[in-house]
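Contents: one structure, followed by commentary.
There are 2 protein chains.
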Amino acid sequence: MESLDALFRPRSVAIVGASSDPNKVGGRPLAFLKKAEYAGRILPVNPGASQVQGIAAFGALADIDGPIDQAIVAVPAGQVLAVADQCMALGVKALQIFSAGFGEGADAARDQAALARKARAAGMRILGPNSLGLFNTADGFFGTFATALDGAWPKAGSIGVATQSGAFGSYFFGMAQQRGLRFSHFVATGNESDVDVADCIAFMVQDPQTRLIVTAMEGCKDGRKLAAALCAARDAGKPVLAMKVGVSQAGAQAAATHTGSLSGEDRVFDAVLHGCGAFRAASLEALVDAACVAGAGPLPATRDLLVVTTSGGIGVLSADEAEATGLGLPPISDTAHTDIRALAALADGRNPVDTSAGILADLGLYARIAARALDDRPFGAVLCYLAHIARNPAHWAQLREPLYRLRARHPALPFVAVLLAPDGIAADLEAHGFCVFTDPSRAVRAIAACAQHGGIDQPSAVPPALPARVLHGSLATESLAKAALAGQGLRFAPERVVRDADEAAAAAREMGYPVVLKIVSPDIAHKTEAGGVALGVADEAALRDALPAMHARVLAYQPEARIEGFLVARQMIGGVEVLVGTQCDPVFGPVVTVGTGGVLTELAQDVATRLAPVSAGVARAMLLSTKAGRLCQGYRGSTPADIDALAAQIAALSEVAWANRATIAGIDLNPVLALPEGAFALDALIVTHGDSA
Amino acid sequence: MESLDALFRPRSVAIVGASSDPNKVGGRPLAFLKKAEYAGRILPVNPGASQVQGIAAFGALADIDGPIDQAIVAVPAGQVLAVADQCMALGVKALQIFSAGFGEGADAARDQAALARKARAAGMRILGPNSLGLFNTADGFFGTFATALDGAWPKAGSIGVATQSGAFGSYFFGMAQQRGLRFSHFVATGNESDVDVADCIAFMVQDPQTRLIVTAMEGCKDGRKLAAALCAARDAGKPVLAMKVGVSQAGAQAAATHTGSLSGEDRVFDAVLHGCGAFRAASLEALVDAACVAGAGPLPATRDLLVVTTSGGIGVLSADEAEATGLGLPPISDTAHTDIRALAALADGRNPVDTSAGILADLGLYARIAARALDDRPFGAVLCYLAHIARNPAHWAQLREPLYRLRARHPALPFVAVLLAPDGIAADLEAHGFCVFTDPSRAVRAIAACAQHGGIDQPSAVPPALPARVLHGSLATESLAKAALAGQGLRFAPERVVRDADEAAAAAREMGYPVVLKIVSPDIAHKTEAGGVALGVADEAALRDALPAMHARVLAYQPEARIEGFLVARQMIGGVEVLVGTQCDPVFGPVVTVGTGGVLTELAQDVATRLAPVSAGVARAMLLSTKAGRLCQGYRGSTPADIDALAAQIAALSEVAWANRATIAGIDLNPVLALPEGAFALDALIVTHGDSA
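If you're matching them up, the sequences are chains L and B in order. Note that the working numbering has the first sequence beginning at 8, numbered continuously upward. Note that the working numbering has the second sequence beginning at 8, numbered continuously upward.
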C-alpha cells in the first residue's frame with residue numbers, strides 16, 4: 008500500500024507543464040492545490056517562468072531541490088515518455104498522466120505497456136494515461152483538472168470514489184455533491200496502465216478517513232484482483248456501492264456451452280459483485296441515494312425496517328418496495344399496538360405503523376408513536392413518512408423538537424425522512440442526522456442497498472489448496488468426458504456405447520425400455536440440433552428403426568461428422584433437471600453456474616454463478632437460490648432430491664474447472680437429474696481452449 | 008357524462024358548513040374559490056352569519072334563490088344524510104361529501120350504500136364520502152380542502168389526476184407541482200359510494216383540456232368499468248399513467264387452481280392496465296417523471312430513441328436502460344456518421360452518438376452533430392446528455408442558441424435534456440420545450456413510459472356476441488370435466504377410465520407402453536399431492552403393481568375420498584407443457600392465463616393474463632409473450648408446435664369461462680402438451696363457485 012501513499016497523499020508534487028492560466032489543464036491543479044491550502048511542496052515546472060500562479064517555478068524537473076513524491080504530467084502526449092524517464096531517474100514515486108490519446112491506437116498501446124513495465128521495475132506507480140486525476144480532502148491534495156470542481160467544491164467526509172471513466176465519475180460527483188454528500192477521496196484511473204480501480208479500492212479499505220467506497224467501471228482487466236479488493240472491503244465492514252455499465256447482452260458472443268451463454272461478461276461481473284458483498288446500483292441516482300444513506304451516519308445492522316407513516320397508501324407502497332428489495336417489516340407487538348392506539352385512536356397497522364391524519368391536531372404524537380414502536384423491538388433502520396408537514400410552519404413547529412429528540416435517542420440507527428420540504432428544513436433534518444428523500448420508493452431502495460445483502464458469500468477470491476483434479480487424455484466425446492469426470496467423483500446415468508443395432512438391442516434389453524438413444528461423435532457438440540437424440544424409444548422395433556434414421560439425420564446435418572457409435576441409456580422419468588456447468592471467464596477465470604437445466608435452460612435464465620472453486624456449502628446455497636434448487640426440495644408432495652449429493656458434485660466440478668483452467672474453456676453437465684437416490688448427469692460436454700465452437 | 012359536468016364545472020356551488028376561518032375544512036374551499044376567481048355563483052350556507060369570508064351567506068339550503076348545480080358538504084358525519092336529502096329535494100345535481108368516517112363500520116357502510124341508491128334514483132351524483140374534493144383549473148373551480156394547495160398553487164395545463172386516496176394523490180400533486188407540471192383537473196374519489204376513478208377517467212377522456220391522465224388507486228370495485236374507461240382513453244390517444252399500490256403477494260389467497268395462484272389480484276390488475284394501453288408506474292417518482300415527459304409537449308410517435316452524448320460511459324448506460332425498457336436505438340447511416348466525423352474528428356458511435364469531449368472548444372458542434380443525426384432517419388424521441396456544460400457560462404453561451412434552434416426545427420419530437428444545471432437554466436430549457444432530468448436512467452425510463460407500449464391489446468372491455476358455450480351437468484371429476492370441454496372444441500390425450508387392473512391392462516395393451524395412471528375421484532383436486540399420479544408405467548407387471556398401491560396411497564392421504572376408478576393414458580414424451588387456465592377475478596370477472604405448465608408452473612411464474620374472452624389472435628400473442636410460447640416456436644432444432652391450434656383452444660376456453668362465469672370459478676388445463684400435430688390437454692380441473700377448495 009505504501010506505494011499508493013505517494014499518489015493519494017504526497018508530501019511534494021511537481022507539475023510538469025504548469026500553466027499560469029487556471030482554466031488550462033496544466034493550470035487547474037495548481038489553482039486547486041492553492042484553493043485547498045495543500046500543506047506539501049508544490050513544484051511547478053515551466054522552462055519559461057520563474058513563478059507560476061504566484062508559486063516559485065523550476066525550469067526543469069532536474070532543477071528541483073529535494074525529493075519529489077509525485078509528478079503530474081500535463082504536457083502533449085508526444086513528450087510524456089521523456090518526462091516519465093526523467094521522473095524514474097529522479098526517484099519520483101508516483102506519476103499522474105493527464106494526457107489523453109496516449110493509450111489509443113496500436114503504437115500508443117505498445118508505448119503505454121512498455122512504460123508501465125519500466126516504471127514498475129523502477130518502483131514508480133502510474134495513474135493514467137488519460138486520467139482526470141484525484142483528490143484527497145483530508146490532506147487538501149487536489150491533483151486533478153476536473154471541471155466538475157468549478158461549480159462544486161467537495162466537503163470533507165467519508166466517501167471514497169474510485170472510478171475508471173473520468174466523465175462518468177465526475178458526473179456522479181456532481182450529482183452527489185448537489186445532494187450534500189461529503190468525500191474523502193476521488194480518483195479516476197483512466198487507461199489503467201498500472202494503478203487500477205481494484206488498487207484504489209484496496210487503498211481506501213486501509214484509509215481511516217474512508218467509511219464507504221463508491222466505484223464505477225465499464226470493464227476490468229484483472230478480475231480476481233478486483234474480487235480480492237471487494238472481499239477486503241466487505242471484511243473490513245466498509246460498504247462498496249458499485250456501478251458497472253454495459254449490461255446489454257446484444258453483443259454477447261455465441262457461446263460454445265449453455266453455461267457460457269448464461270455467464271456472459273456482465274452476468275459474471277454481477278455474480279462477483281454480489282458474492283463479494285458489494286451493492287450493484289442500476290443507475291447513477293441509485294448510487295447517489297445509497298451513498299446518501301450510508302454517508303449520513305450509521306449503517307443498518309439488520310434488514311428489518313420500521314415504517315412510520317401518516318398515510319395508509321404510502322405505507323402500502325413502502326411495504327411493496329420493501330418486499331421487492333428483500334427488506335423485512337417485522338410487526339410490533341400487541342402491547343405496543345395498544346399503547347399507540349391509546350395515543351391516537353385512529354392509528355393502525357403493526358408495520359407500517361400508520362399514525363393516521365388524526366394526529367394533525369398535535370404532531371408531537373408522531374414522534375411519540377414512533378418512539379413506542381422503536382422501543383418494542385430492534386430494527387435496522389427507520390423510515391419516517393412526513394408528507395407535507397414541513398410545509399406548514401405551525402405543524403413543523405409541533406413536530407421538530409420531539410422528532411430530533413427521538414433521533415438523538417437512537418444514535419446507532421439510520422433515520423430516513425420522506426417528505427416535501429422547503430430546502431431550509433431539509434438541510435435542518437440532515438444536520439440532525441436524517442437522510443432526506445422525496446420519493447418513498449427511492450428511500451426504501453437506498454436503505455436496502457446499505458443493509459447487509461444476505462446473499463451467498465464468496466469466501467475469498469483466491470482459492471485454497473485443492474486436491475489434484477487435472478484431467479488427462481482426450482475429452483472430445485460425451486463418453487470420454489463422462490469417463491474423465493467420473494474419475495473425479497461425478498455420477499452419470501447407466502449407459503453403454505454400442506456400434507450397431509444388435510448391440511443396442513442387447514443393451515436396452517438389459518436396462519429395460521424405454522431408452523434414450525444418442526449419437527457418439529467428436530464433431531457434434533449439440534446433439535439435439537443435429538438430430539442426434541431420440542427420447543422415449545419404447546421397444547426393440549422402435550430402437551431398430553431409430554438407429555439408422557439417426558445416423559442419416561446426423562450426416563445430413565453435418566456430412567463430415569465422424570460417427571463412432573451410439574449411446575444407449577435408460578430413459579429416466581421424473582426428477583429435477585439441473586444445469587451444472589463451468590466457464591472460463593476472460594476477466595475472472597473459472598466460474599461455476601447452476602440452475603434450471605434441460606430444454607428450458609436458455610429460456611428460464613434461472614442460474615446462480617460464483618467464482619470457482621466453491622465449497623459444497625456455497626454450492627448448496629447457490630442451488631437453493633434458484634428455482635431448480637427449490638424444486639429439488641420437493642414440490643407438490645414429491646420426495647425431495649438428494650441436495651447434499653448434488654452440492655458435493657457441483658463443488659467437485661468447480662475444482663476441476665479451477666485445476667484445469669489452462670486447458671478447459673467450459674464444461675456442461677446438462678441436465679443433471681436430481682433424484683431422491685442421488686444426482687446423475689445425463690450428458691456431459693467439455694470444451695477446451697483449443698476448440699473452435 | 009353530462010351528470011359529471013355539475014361535479015367538475017358547476018355554474019353554482021353551495022357550501023354547507025361554510026366557515027369564516029380559511030384554515031378549517033368548511034372555510035378552505037371558499038378561500039380557494041375566491042383565490043381562483045371562480046366565475047360561478049358561490050353560495051355559503053351558515054345559519055349564524057349573513058356573510059362568510061365576504062360573500063353573502065344563506066341560513067339554509069332552502070333559502071337559496073336559483074338553481075344549485077353542486078353542494079359541498081362540510082358538516083359532521085351525523086348530519087350528512089339530512090343535508091343530502093335536502094339536496095335531492097332541491098334538485099342539486101352533484102354532491103361532494105368531505106366528511107370522513109362516514110363509510111367505515113357496518114352501519115356507516117349500510118348508510119352510504121342506501122344514500123348512493125337514493126341519489127342515483129334522484130339523478131344526483133355523489134363524490135365521496137371521505138373525499139378530498141376536486142379542482143378544475145380551466146374554470147377556476149376549487150371544490151377541495153386539500154392542504155397541499157397551501158404551499159403549491161397549480162398552474163393550468165393538460166394533466167388530469169384521478170386518485171382514490173386523497174393523501175396519496177395530494178403527495179403526487181406536491182411532487183409534480185414542485186417539478187413544474189401543469190394540471191387540468193384533480194379529483195380524489197375517497198370512499199366511491201357513487202363516482203369512482205373510472206367515471207373520472209371517462210370524463211377526462213371527453214374533456215378537451217386534458218391530454219394526459221394520471222391515476223392512482225389501491226383497489227377497484229368494478230373492474231370492467233375501469234377497463235372500459237382505460238380503453239376509451241387509449242382509443243382517444245390520451246395516455247394513462249397509472250399507479251396501483253398493494254403489489255405484495257404476502258396476503259394472497261390459497262388458490263384452488265394453479266391459474267388462481269398465478270392470477271392474484273395485483274397480477275390481474277397489471278394485465279388489465281397493460282392490455283388497455285396504460286403505463287403502470289412502480290413509484291410516485293416514476294409517475295411524475297412520465298407525466299413530465301408527456302406534459303412537456305409531443306409524445307413519442309415510435310419507440311426509436313436517439314441518444315446524443317458527450318460521454319461514452321453515459322451513452323452505454325443509456326443504451327442499457329433503453330434495452331431494459333424496450334426502446335430501440337436504431338443506428339444512423341454510414342453517410343451521417345461520416346458527416347459527423349467531418350464535424351468532430353473524435354465523435355463516435357451510430358446511436359448513442361458520442362460527440363466526444365473534443366467539442367468543448369466549440370459547443371455549437373453539439374447541436375450540429377445532433378441535427379445531422381436527426382436528419383438521417385425518423386426517431387420517436389431525443390435524449391441530449393449535456394453533463395456539466397450548463398454550469399460553465401462560456402460553454403452554455405456557445406450551445407444555447409444552436410440547441411434551441413434545433414429543438415424548434417423538430418416541433419413534433421420530444422426532447423429530453425439530461426444535465427447538471429443551475430435552476431435558471433433548467434427553467435430556460437423547459438421554456439424552450441425540453442423536459443429536464445439529472446439522472447440519465449430516469450430520463451430513459453420516462454421516455455419509455457410515454458412511448459406506445461407495444462404490448463398485447465385488449466380490444467375492448469365488454470365482450471362481443473359469443474357462441475353458446477354453457478356447460479351442463481356435473482364437472483366434478485377429471486373425466487367429466489374433459490368430456491364437457493371436449494364438447495367445446497378442446498382436445499385431450501387418448502385415455503380411458505377403468506375400474507380394475509384387468510381393464511387397465513387391456514387399455515394399456517391397446518395404447519402401448521409406457522402409460523400414465525391417475526386416480527379418478529370427485530374428492531381429489533390435486534392428484535399429485537395425493538399420490539394419485541404414476542408416470543412412465545413401463546409394462547403390464549408394473550401397471551398391476553401400481554394400481555393397488557395408488558389406491559392405498561390416496562386413501563391414506565384422504566380416507567373419505569370416493570374412488571370411482573383409474574384413468575389410463577398413453578405417456579407422451581417430448582412437446583412443450585403449457586398451462587391454459589381461467590379464473591373468475593372478484594374485480595374483473597373471468598380472466599384467461601397461459602404460460603409455462605407442468606411441474607414448473609408455480610416456480611416459473613411465466614404467464615400472460617387478459618380479460619376473457621380473447622380472440623385467437625390475442626391468445627396467440629399472449630402465448631408468444633411467454634417463454635413457453637417461445638419454446639412452442641421450436642427450440643434447438645425441434646419441430647415447432649401447432650401454435651394456431653393451441654391459440655384456437657385458448658380462445659375457446661376463454662369463451663367458456665365468460666359464458667359460465669356465474670357458475671365456474673376457475674379452469675385448469677395443466678399441462679396442455681403442445682406438439683407439432685396439435686395441442687392435447689393431459690389434465691382438466693373445473694372449480695365451481697360452490698366448491699370449497
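A virtual CB, placed ideally from N, CA and C, is assigned to each residue, including glycine. Everything numeric in this text was worked out from a predicted model, so none of it was measured.
* To do: Would you please verify whether the beta carbon of Tyr520/L is less than 8 Å from any beta carbon of chain B?
  => Here residue 520/L refers to the residue found at position 513 of the first sequence. The beta-carbon of Tyr520/L is placed less than 8 Å from the nearest beta-carbon of chain B.
* Asked: DSSP on Cys391/B, reduced to helix/strand/coil?
  -> As a position in the second sequence, residue 391/B is number 384, starting the count at 1. For Cys391/B, the secondary structure class from DSSP, reduced to helix, strand or coil, is strand.
* Less than 8 Å separating the beta-carbons of Leu630/L and Phe595/L? -> For this step, residue 630/L is matched to residue 623 along the first sequence. For this step, residue 595/L is matched to residue 588 along the first sequence. For Leu630/L and Phe595/L, no; Cβs fall outside 8 Å.
* First and last residue of the alpha helix (DSSP H) that includes Leu410/L? -> Position 403 of the first sequence, counting from 1, holds the residue named residue 410/L. For Leu410/L, the enclosing alpha helix (DSSP H) stretches over residues Pro400 to Arg416.
* Would DSSP call Gly543/L helix, strand or coil? -> The residue you call residue 543/L lines up with position 536 of the first sequence. Gly543/L: strand per DSSP, three-state reduction.
* Same chain only: Cβ atoms within 7 Å of Leu370/B, ignoring 5 sequence neighbours per side -> In the second sequence, the residue the question calls residue 370/B occupies position 363. Ile396, His402, Gln405 and Leu406, listed in sequence order.
* Assuming Phe152/B contacts Arg48/B under a Cβ cut-off of 8 Å, what Cβ separation, rounded to an integer in Å, is found between them? -> Position 145 of the second sequence, counting from 1, holds the residue named residue 152/B. Position 41 of the second sequence, counting from 1, holds the residue named residue 48/B. So it is not a contact: roughly 20 Å between Cβ atoms.
* **Ala257/L in three-state terms, based on DSSP** => Within the first sequence, residue 257/L is the residue found at index 250, counting from 1. For Ala257/L, the pLDDT reaches just 39, beneath the cut-off of 50, and the residue's location in the model is therefore unreliable, although a value from the coordinates is still provided. Look at Ala257/L here: in three-state DSSP terms it is coil, with no helix or strand label.
* To do: Would you mind sorting Pro17/L into buried or exposed? The rule is 16 or more other CB atoms within 10 Å of its CB.
  => Within the first sequence, residue 17/L is the residue found at index 10, counting from 1. The residue in question, Pro17/L, is buried, as its Cβ has 16 or more Cβ neighbours within 10 Å.
* To do: Using three-state DSSP, classify Ala700/B as helix, strand or coil.
  => What you label residue 700/B is simply residue 693 of the second sequence in a count that begins at 1. Any reading at Ala700/B must be qualified, since the residue scores a pLDDT of 43, below 50, and its modelled position is unreliable; the value itself is stated next. For Ala700/B, the secondary structure class from DSSP, reduced to helix, strand or coil, is coil.
* To do: Within its chain, find whatever has a CB closer than 6 Å to the CB of Gly604/L; leave out the 5 residues flanking it on each side and keep chain order.
  => Your numbering for residue 604/L matches position 597 in the first sequence. Correct list, in chain order: Glu584, Val585, Leu586, Asn677 and Pro678.
* Taking Cβ positions only, does Thr445/L come closer than 8 Å to chain B? -> One-based indexing of the first sequence puts residue 445/L at position 438. Judged by the 8 Å Cβ criterion, Thr445/L is in contact with chain B.
* To do: Have a look at Leu280/B, Arg551/B, Cys299/B and Val598/B and flag the residue whose alpha-carbon is nearest the alpha-carbon of Gly673/B.
  => Here residue 673/B is taken as the residue at index 666 of the second sequence, counted from 1. Of the candidates Leu280/B, Arg551/B, Cys299/B and Val598/B, the one whose C-alpha sits nearest the C-alpha of Gly673/B is Val598/B.
* At 7 Å on the CB atoms, spell out the chain B contacts of Leu610/L, in chain order. => Along the first sequence, read from residue 1 onward, the residue named residue 610/L stands at position 603. Within chain B, the residues Lys634, Arg637 and Leu638 have their CB atoms less than 7 Å from the CB of Leu610/L, given in chain order.
* To do: Report yes if the C-beta distance between Lys634/B and Leu324/L is below 8 Å; otherwise report no.
  => By one-based count along the second sequence, residue 634/B stands at place 627. By one-based count along the first sequence, residue 324/L stands at place 317. 8 Å or more divides the Cβ of Lys634/B from the Cβ of Leu324/L.
* Asked: Three-state secondary structure (DSSP) at Val23/L?
  -> For this step, residue 23/L is matched to residue 16 along the first sequence. Judged by DSSP in its simplified three-state form, Val23/L adopts strand.
* Would you check if the distance between the CB atom of Val52/B and the CB atom of Ala21/B is smaller than 8 Å? => In the second sequence, residue 52/B corresponds to position 45, counting from 1. In the second sequence, residue 21/B corresponds to position 14, counting from 1. Yes, these two residues count as a Cβ contact at 8 Å.
* Thr342/B: first and last residue of the uninterrupted alpha helix (DSSP H) it sits in -> Translated into positions along the second sequence, residue 342/B becomes position 335. Per DSSP, Thr342/B belongs to the alpha helix (DSSP H) from Asp341 to Leu350.
* Residues near Gln260/L by beta carbon distance below 6 Å, same chain, minus five either side -> Residue numbering aside, residue 260/L sits at position 253 when the first sequence is read from its first letter. Caution is warranted here: a pLDDT of 38 is assigned to Gln260/L, below 50, making its placement in the model unreliable, and the coordinate value is therefore given only provisionally. Excluding five sequence positions before and after Gln260/L, none of the CB atoms of its chain fall closer than 6 Å to its own CB.
* Asked: Just checking my contact of Ser2/L with Ala64/L at CB under 8 Å: how many whole Å lie between their CB atoms?
  -> Past the edges of chain L, shown from 8 to 700, lies residue 2/L, and the structure says nothing about it.
* To do: For the segment 312 to 335 of chain B, enumerate the residues whose C-beta is nearer than 8 Å to any C-beta of chain L, in chain order.
  => Against chain L - using a Cβ distance shorter than 8 Å - the residues of the segment 312 to 335 of chain B are Thr317, Ser318, Gly319, Gly320, Ile321, Val323, Leu324, Ala326, Asp327, Glu328, Glu330 and Ala331.
* **Contact set for Ala746/L: own chain, Cβ-Cβ below 8 Å, skip 5 residues either direction** => The structure shown does not extend to residue 746/L, since chain L is modelled only from 8 to 700, so the question has no answer here.
* Who are the neighbours of Gly158/L on chain B, taking C-beta pairs under 9 Å? -> One-based indexing of the first sequence puts residue 158/L at position 151. Within 9 Å of the CB of Gly158/L, the CB atoms of chain B belong to His395, Arg398, Asn399, Leu427 and Pro429, in sequence order along the chain.
* **Nearest neighbour of Gly164/L, chosen from Val625/L, Cys299/L and His417/L [CA to CA]** => Here residue 164/L refers to the residue found at position 157 of the first sequence. Comparing Cα-Cα distances from Gly164/L to each of Val625/L, Cys299/L and His417/L, the minimum goes to Cys299/L.
* Identity of the residue in Arg506/L, Ala89/L, Thr144/L and Ala107/L nearest Ala121/L by Cα -> As a first step, residue 121/L is located in the first sequence; it is residue number 114 there, counting from the start. Ranking Arg506/L, Ala89/L, Thr144/L and Ala107/L by Cα distance to Ala121/L puts Ala89/L first.
* To do: Would you tell me roughly how many angstroms separate the C-alpha atoms of Ala493/L and Val663/L, rounded to the nearest one?
  => By one-based count along the first sequence, residue 493/L stands at place 486. By one-based count along the first sequence, residue 663/L stands at place 656. Cα to Cα, Ala493/L sits roughly 11 Å from Val663/L.
* Proximal residues, the segment 202 to 228 of chain L versus chain B, C-beta separation under 7 Å -> Answer set for the segment 202 to 228 of chain L: Glu225.
* Asked: Which of the three DSSP states, helix, strand or coil, is assigned to Thr695/B?
  -> For the purposes of this step, residue 695/B is identified with residue 688 of the second sequence, where counting begins at 1. Of the three classes helix, strand and coil, the one that applies to Thr695/B here is strand, per DSSP.
* **Pro17/L in three-state terms, based on DSSP** => Locating residue 17/L in the first sequence gives position 10, counting from the first residue. The three-state reading of DSSP puts Pro17/L in coil, since its state is none of H, G, I, E or B.
* Asked: Do the segment 186 to 200 of chain B and the segment 240 to 253 of chain B meet, that is, are 3 or more Cβ pairs less than 8 Å apart?
  -> The segment 186 to 200 of chain B and the segment 240 to 253 of chain B do not touch, with fewer than 3 CB-CB distances between them shorter than 8 Å.
* Which class does Glu502/L belong to by DSSP, given the choice of helix, strand or coil? -> In the first sequence, residue 502/L corresponds to position 495, counting from 1. Here Glu502/L sits in strand by DSSP.
* **Inside the segment 609 to 660 of chain B only - alpha helix (DSSP H) runs reaching at least 4 residues** => Every alpha helix (DSSP H) of 4 residues or more that sits fully in the segment 609 to 660 of chain B is shown, in chain order, as 623 to 631 and 634 to 639.
* To do: For Phe175/B, decide whether its Cβ has a neighbour in chain L, counting only Cβ atoms nearer than 8 Å.
  => Taking the second sequence and counting its residues from 1, one reaches residue 175/B at position 168. So, interface residue.
* Could you say which of Ala508/B, Thr600/B, Val202/B and Pro305/B lies nearest to Ala556/B if we only look at CA atoms? => Within the second sequence, residue 556/B is the residue found at index 549, counting from 1. With respect to the C-alpha of Ala556/B, the residue from Ala508/B, Thr600/B, Val202/B and Pro305/B having the closest C-alpha is Ala508/B.
* Asked: Based on the DSSP secondary-structure assignment, which residues constitute the bridge partners of Lys489/B?
  -> Against the second sequence, residue 489/B aligns to sequence position 482. Paired residue(s): none; Lys489/B is not in a bridge.
* Report yes or no: do the segment 483 to 491 of chain L and the segment 650 to 661 of chain L share at least 3 C-beta pairs separated by less than 8 Å? => They do not touch, by the three-pair rule.
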